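Before any comments, here is the structure.
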């Protein structure tokens, strides 16, 4: 049953969709970053983000303000990501891709288990990053929190873009990701570039987690599992080879999932996920490399 | 005579269980152009890889008096050895300008880098026009010149050129060798070039080594090799 | 002479394996037979996945969902139509095979990561879909066999009589599962050794080369999906028979992961290590719980074990077995 048309609601739900989509997009970007340099989807990315969120919670619990904890957690997550790459991924750098996939799956269990071990499974909450007051724009009420999330997501994406396009380090990261052998001949320490990529990805995941948690009344160790699903789906929808595509794809997915859940009763909240995947399948059949991905021509 | 810039002695190399070099010894003096000739599979490319550290190797490799036999490729590049690999090694997803900039990645002297960039763009003016073009869209010959220009951005003490003529039209290849010759005369650029096209290589180089099945079978001045009967028959075609 | 020795060694190995299979339940406790039966379920699913991923190189993160199809087919037939559970197995395999075939169709257009996502989506959506179509599937509660208990071969009494032998329920489940497992393994072995196996591998190694050699790419790829689906369906059916209940929680994405882990740890693209893969996936969680049952620690240990195994054995147990056996096989098959 499609409800009678209400532009206000459409605008509001779109913004809500962009807000959650934006947070998913940060994780999607993290996935793309690692995918481009290592060739695998890091299935543990969500759990790493969740772990970071718990670290933030503990810091706040010990007296830091939200934003103090936020930035400190960013730094800790970055270091953690680098460390994980060095310890867990480096040994399998030259192994077949599926082996590395299984390692990330193992990492999923490891990080998830660690989070359940160090923190009990009782629910807890993070203070709000932004005020929860509504704000009226052009007569429509939006939540400052949603707008704030969108702003932070876009800001992080912009920062990352600047890093990659305008700095020497970013150039080296890009080169190492696409042509590791040639890059070594140019003096780039490709192995460390990979570690750096993991650090950045972990930091982005941390941002995602630390903004996702306050939006919920409470959170536990399952926090980021749905986010990983949507991030993976959005990244592939947009085109896993294109960071721009991944972000746009995930934003679109966020809006789509929210709108279809709102407007199509039969789907409601239970079937949002299958509906999303069905649509993505449809898109991929028409554009196998995703919306913005570059298809490698290989007609057989 | 001063110690050669590059000296290999008894170098062996392997790809997994397969041994490709069985004890190669050669030297390259500063300011020379030296060629490595041989049939397919003789180990020419592997020799260059052994120098730059991109293959498992053992034996003595000395560059500018220091041993580099155990160093990884990143370190070798930082010492001033520019390896232009087979197939150009163009970073095709990046732009021409970015490729060039990466050539100077391991250098820290920013002012000098900019100077070099200007000089190189003067030598290859068309690069300036194509600065923002994706490097993968260049033709083979253009990519080869880009690779050379990129190598020069390192201000290298030694350039390792792997099969520069591969897949290129004769006129383009002639151009490339001409540029290499000019740079060698004008700036004293030291080059070790691996080539299947023995005629071109012997014209450009002053000395050459002929590899066969992972060993040095013959060595000497270009003139002498050109007149050598077996070289003529096997590699020069007459 | 060497050939005779080679064949002799083979026959001995097969005989030893069969002997072990027949005797094992009598050597371990009744309860452990149940665990072994469970490992057998994983084994069948893993053999099927290996045919798909190890031999044709197509990734599937959705085999748990295909098991769900098989399990629910069995459960639906037993509970709604009052079939005998054992006879539902072929149908369960067929149903899952058909679904596998359907999934194979998008696989024609997609590869690698994109295929992984589609199968991933299928696996993740399965619980929601199962809950939604509750008329058939019993929704969140699922379907319980006990409602039609008197008709079951396994029966309530705990003892089963088959071919004149009486044995405990757990022993029966073990023999049922592993006999099917052995048949499935033998079938896979024959396929892999034969022309179809070569066709599969050609698709994995180079699609372009395969097509230029006349391989019908579409038919091969979808057939591989369908075939591995049949294995998964049979495994799912056996799971349902063992548990005597199915519900959405039995077939989450976790199951798909476990089958994949088992296949890779066992050794993709080879058959010998897969039994080890099945045991790894079945027993590691309980071993991890033994280390400590504090919340989170079992998962931590489990994850660490998976990572360690992959670092030490990147090509899985099968790869290790091959490396260890290489001197022997070289000696056996080289002319003096």
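Residue numbers (this note's numbering), protein chains in the order written: chain A, 275 to 574; chain B, 707 to 944; chain C, 17 to 352.
By construction, the Cβ of each residue, glycine as well, lies at the ideal position given by its N, Cα and C atoms.
From a predicted model like this one, the values you see are computed outputs, not experimental measurements.
task = Pick out the complete alpha helix (DSSP H) segments inside the stretch 304-330 of chain C, 4 residues or longer, and give them in chain order.
result = 313-328
key: Neighbourhood of residue 406 of chain A by C-beta, 8 angstroms cutoff - its chain only, sequence neighbours within 5 removed   = 417, 418, 419
Chain C contact residues for residue 548 of chain A, given Cβ-Cβ distances below 7 angstroms = 141, 144, 145
ask   = Does any CB atom of chain A fall closer than 7 angstroms to the CB of residue 811 of chain B?
value = yes
key: 9 angstroms Cβ cut-off: residues of chain A touching residue 791 of chain B   = 455, 456, 459
message = With a threshold of 7 angstroms on Cβ separation, who are the neighbours of residue 727 of chain B within its own chain once the five nearest residues in sequence on each side are excluded?
response = Same-chain partners within the cutoff: 717, 718, 719, 749, 752, 753, 756, 920.
query = Which stretch, first to last residue, makes up the alpha helix (DSSP H) that contains residue 504 of chain A?
reply = 499-512
task = Could you name the residues of chain A that residue 843 of chain B contacts, counting a contact when the two beta carbons are closer than 8 angstroms?
result = Under the 8 angstroms cutoff, chain A gives no residues; its nearest Cβ is about 13 angstroms from residue 843 of chain B.
inquiry  = Against chain A, does residue 114 of chain C count as a neighbour if the rule is that its beta carbon must be under 7 angstroms from one of theirs?
reply    = Residue contact check for residue 114 of chain C against chain A: no CB pair falls below 7 angstroms.
message = Quick check on residue 31 of chain C: buried or exposed, where buried means 16 or more other Cβ atoms within 10 Å of its Cβ?
response = exposed
ask   = Since residue 380 of chain A contacts residue 323 of chain C with CB under 8 angstroms, what's their CB separation in whole angstroms?
value = 4 angstroms
Contact list for residue 306 of chain A against chain B, beta-carbon separation under 9 angstroms = What residue 306 of chain A touches in chain B: nothing, since even the nearest Cβ is about 14 angstroms away.
query = Which class does residue 538 of chain A belong to by DSSP, given the choice of helix, strand or coil?
reply = coil
query = Who are the neighbours of residue 389 of chain A on chain C, taking C-beta pairs under 8 angstroms?
reply = Here the neighbours are 312.
query = Checking contacts by CB at 7 angstroms: is residue 502 of chain A closer than that to chain B?
reply = no
query = residue 535 of chain A to residue 527 of chain A, Cα distance in whole Å?
reply = 12 angstroms
request  = Use the C-beta contact count for residue 167 of chain C: other C-beta atoms within 10 angstroms, 16 or more gives buried, fewer gives exposed.
outcome  = Low confidence applies to residue 167 of chain C: its pLDDT is 43, below 50, so where it sits in the model is not reliable, and the reading given next is rough at best. Residue 167 of chain C is exposed by the Cβ-count criterion.
ask   = So who's on the other strand from residue 769 of chain B, going by DSSP bridges?
value = B/712, B/772
task = Report the residues of the stretch 506-519 of chain A with a CB closer than 9 angstroms to any CB of chain C, ordered along the chain.
result = 506, 507, 509, 510, 511, 514
task = Kindly list, in the order they appear in chain C, the residues whose Cβ is closer than 9 angstroms to that of residue 554 of chain A.
result = Result: 133, 134, 137.
ask   = When the distance is taken between beta carbons, is residue 520 of chain A closer than 7 angstroms to residue 318 of chain A?
value = Going by C-beta atoms, residue 318 of chain A is not nearer than 7 angstroms to residue 520 of chain A.
inquiry  = Going residue by residue through the stretch 795-845 of chain B, where are the continuous alpha helix (DSSP H) segments of at least 4 residues, counting only ones entirely within it?
reply    = Complete alpha helix (DSSP H) runs here, min 4: 802-809, 816-829, 831-835.
ask   = DSSP on residue 98 of chain C, reduced to helix/strand/coil?
value = coil
inquiry  = I'd like to confirm the pairing. Which residues does DSSP put opposite residue 408 of chain A in its beta bridges?
reply    = A/417
query = Using the rule of at least 16 other Cβ atoms within 10 Å of the residue's Cβ for burial, across every protein chain shown, is residue 843 of chain B buried or exposed?
reply = exposed
query = Would a C-beta distance cut-off of 7 angstroms place residue 786 of chain B and residue 863 of chain B closer than the cut-off?
reply = The criterion of a C-beta distance shorter than 7 angstroms is satisfied by residue 786 of chain B and residue 863 of chain B.
request  = Name the two residues that bound the continuous beta strand (DSSP E) containing residue 941 of chain B.
outcome  = Unbroken run through residue 941 of chain B: none, as it is neither H nor E.
Beta-carbon proximity of residue 504 of chain A to residue 298 of chain A, cut-off 7 angstroms = yes
Proximal residues, the stretch 779-806 of chain B versus chain A, C-beta separation under 7 angstroms = 779, 780, 783, 784, 789, 791, 795, 797, 799, 800, 804
query = List, in order along the chain, the chain A residues whose C-beta lies closer than 8 angstroms to that of residue 129 of chain C?
reply = 309, 315, 510, 514
key: Which listed residue (C/288, C/277, C/283, C/284) has its alpha carbon closest to that of residue 300 of chain C   = C/277
Listed by chain order, chain C residues near residue 376 of chain A by CB distance under 8 angstroms = In chain order: 276, 277, 280, 281, 322, 326.
query = So what does DSSP say about residue 146 of chain C, is it helix, strand or coil?
reply = Under the three-state reduction of DSSP output, residue 146 of chain C falls in the helix class.
request  = Quick one: list the residues of chain A neighbouring residue 808 of chain B, beta-carbon separation under 8 angstroms, in chain order.
outcome  = 445, 446, 449, 457, 460, 462
message = If the criterion is Cβ atoms closer than 7 angstroms, does the pair residue 316 of chain C and residue 296 of chain A meet it?
response = no
query = Using a C-beta cutoff of 7 angstroms, does residue 318 of chain C count as contacting chain A?
reply = yes
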